[in-house]
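So, in structure tokens, the structure goes:
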């Protein structure tokens, strides 16, 4: 596989433009400059988004008691750590950017990898961004509607404005996008820190009725295994993003050391923050009050902050606004990985000739996210994301075992015991089986969307001898897209010894003519 260009993640902590990242050959390529601190920032920054402010309601509702809800948060954190360890081995064994898409493709073949990419492009990224944007809208509008829920049309409109604004920022400048991310991360830390501190103060005052064992495990509805599985899915949404570090494996400084270290530091830290934030919630709210609130953190602030209650919705809105920005920024990385494998149209892998931003990919992500906003029930969207993510997480971890069997002598800088992927897969199977049993429609829709990628793969990727009229149409549309967005295909890195083979493969996969490819090769940001 050729080494294509990769866009910097906003969470890597650098605001340098791509112009500062040219290799000596003149092509655009990122350097190995993500150290341990930045690696921890990628994991923590992508995990902590809107989930901790939205999912407590979904987890509590399905867990049926405060005690079980806290257990769900702890176990979900432990399972996330186990999954991250499995991904750490895969990340240094198959050192390619693209994360689980690259692993699934290399282990199970092109179709399996394409389905992972397909569902990520159509569902996972747009749904995640829609959920965070709706959460932003909810927390901004909730203070204006203290006695009722904000109108759905208002939520959707404000979420759309948020998406359009941040898409424009990301299209305009890499530096602007990273500055936005840095500023709004401060709001995220403020919100969570304030919640935890107020919870500690409440406990010191003796307000821990729902934390006493006799009361914590008193159910407010009958326990149901299927509902508990859905509680784990809701919790898993809050931990989503733990695998994002694998998207930048090629850019890590000493990945054999920093990848596992970042996991050991970040996952326990996030689990600690999540558990104590939820403990803080129940020191001020009963389970019934928590379930009745559509903005848990706002209700929490109203009870404890008095006239300063406005701090909480503003802080949470800042957090979720930054979450949308980070998701938009990092989604282009997967598009680059898919495009260099010939699994996506070449236009989506092109960058602006001067700004060096992936404008076509960002516009496509924005459009698909706006379509997702037509569904205003964010908890259904969370279930979509949780179920489909867990499906491919399990397939990827199973691939680790398959790779051990097929290539036992393969060099593995990190080699964990197989008991860990087995434990993860047992938990994974539990979630899938009972999720299908409890919510067959939601899970069925997710599977149906994924399977729509099968004919697309065979028609768009596997079928080589397409009609000349089709290729001509694609060429013209690509050319028009280039002219409209002022973008070109990034120059290839020439770091490997398979330069000729990589160039031939890229040209064979490209639907463009030789003249158009010569334009693409001129990209020198």
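Residue numbers (our numbering): 94 to 618. Glycine included, every Cβ here is placed at the ideal spot set by N, Cα and C.
When the beta-carbon positions are compared, residue 501 and residue 185 stay at least 9 Å from each other. In this structure, the beta-carbon distance from residue 383 to residue 157 does not fall below 9 Å. With respect to the 9 Å criterion, residue 233 and residue 303 are not classified as neighbours on the basis of their beta carbons. Taken through DSSP and simplified to helix, strand or coil, residue 580 comes out as strand. For residue 288, the closest of 272, 370, 409 by C-alpha to C-alpha distance is 370.
Proximity to residue 523 across 447, 245, 324 peaks at 324, based on C-alpha coordinates. Counting C-beta atoms within 10 angstroms of its own C-beta, residue 512 has fewer than 16 neighbours from the protein chains shown and is therefore classed as exposed.
For the pair of segments examined, the segment 396-415 was found not to touch the segment 185-195: the number of CB pairs separated by less than 8 Å stays below three.
If you draw a straight line from the Cα of residue 138 to the Cα of residue 264, it is about 21 Å long.
Annotation: residue 575 to residue 422 spans about 20 Å, alpha carbon to alpha carbon. Taken in chain order, no unbroken stretch of beta strand (DSSP E) lies wholly in the segment 182-212 with a span of 3 residues or more. Beyond the five residues adjoining it in sequence on each side, residue 396 comes within less than 6 Å, by CB distance, of 377 in the same chain, given in chain order. Nearest to residue 390 by alpha-carbon distance, out of 270, 228, 572, is 228. Going by beta carbons, residue 249 and residue 266 fall outside the 9 Å limit. Across the set 514, 504, 485, 503, the C-alpha of 514 shows the shortest separation from the C-alpha of residue 494. In this structure the segment 207-225 lies against the segment 423-443, because at least three pairs of beta carbons, one per stretch, are closer than 8 Å. As the crow flies, the alpha-carbon of residue 460 is around 11 Å from that of residue 222. Beta-bridge partners assigned by DSSP to residue 444: 581.
Taken atom to atom, the span from the alpha-carbon of residue 441 to that of residue 432 is near 7 Å.
By the neighbour-count criterion, in which a residue is buried when 16 or more other Cβ atoms sit within 10 angstroms of its Cβ, residue 557 is exposed.
Runs of the alpha helix (DSSP H) lying entirely within the segment 397-456, each at least 4 residues long, are 404-433 in chain order. Each residue's CA atom was taken as its position, placing residue 177 and residue 355 some 10 Å apart.
DSSP places residue 274 within a helical segment (H, G or I) once states are collapsed to three. One Cα belongs to residue 527, the other to residue 538, and the distance between them is close to 16 Å. Its Cα nearest to that of residue 171, the residue 368 stands out among 368, 457, 398, 578.
Residue ranges of uninterrupted alpha helix (DSSP H) with 4 or more members, entirely inside the segment 217-287 and ordered along the chain, are 218-234, 245-265. For the options 273, 260, 262, 226, the alpha carbon positioned closest to that of residue 247 is the one of 226. Taking the C-beta atoms as reference points, residue 281 is found nearer than 9 Å to residue 412.
Assigned with DSSP and collapsed to three states, residue 327 falls in helix.
Contact check for residue 358 and residue 133: beta-carbon distance about 5 Å, within the 8 Å limit, so the pair qualifies. Per DSSP, residue 378 lies in no alpha helix (DSSP H) and is assigned neither H nor E.
The Cβ-Cβ distance between residue 481 and residue 179 does not fall below 9 Å. The C-beta of residue 581 has 16 or more other C-beta atoms within 10 Å across all chains shown, which makes the residue buried.
In this structure residue 541 is exposed. Its beta-carbon is surrounded by fewer than 16 other beta-carbon atoms within 10 angstroms. Around the beta-carbon of residue 254, fewer than 16 other beta-carbon atoms lie within 10 Å, marking it exposed.
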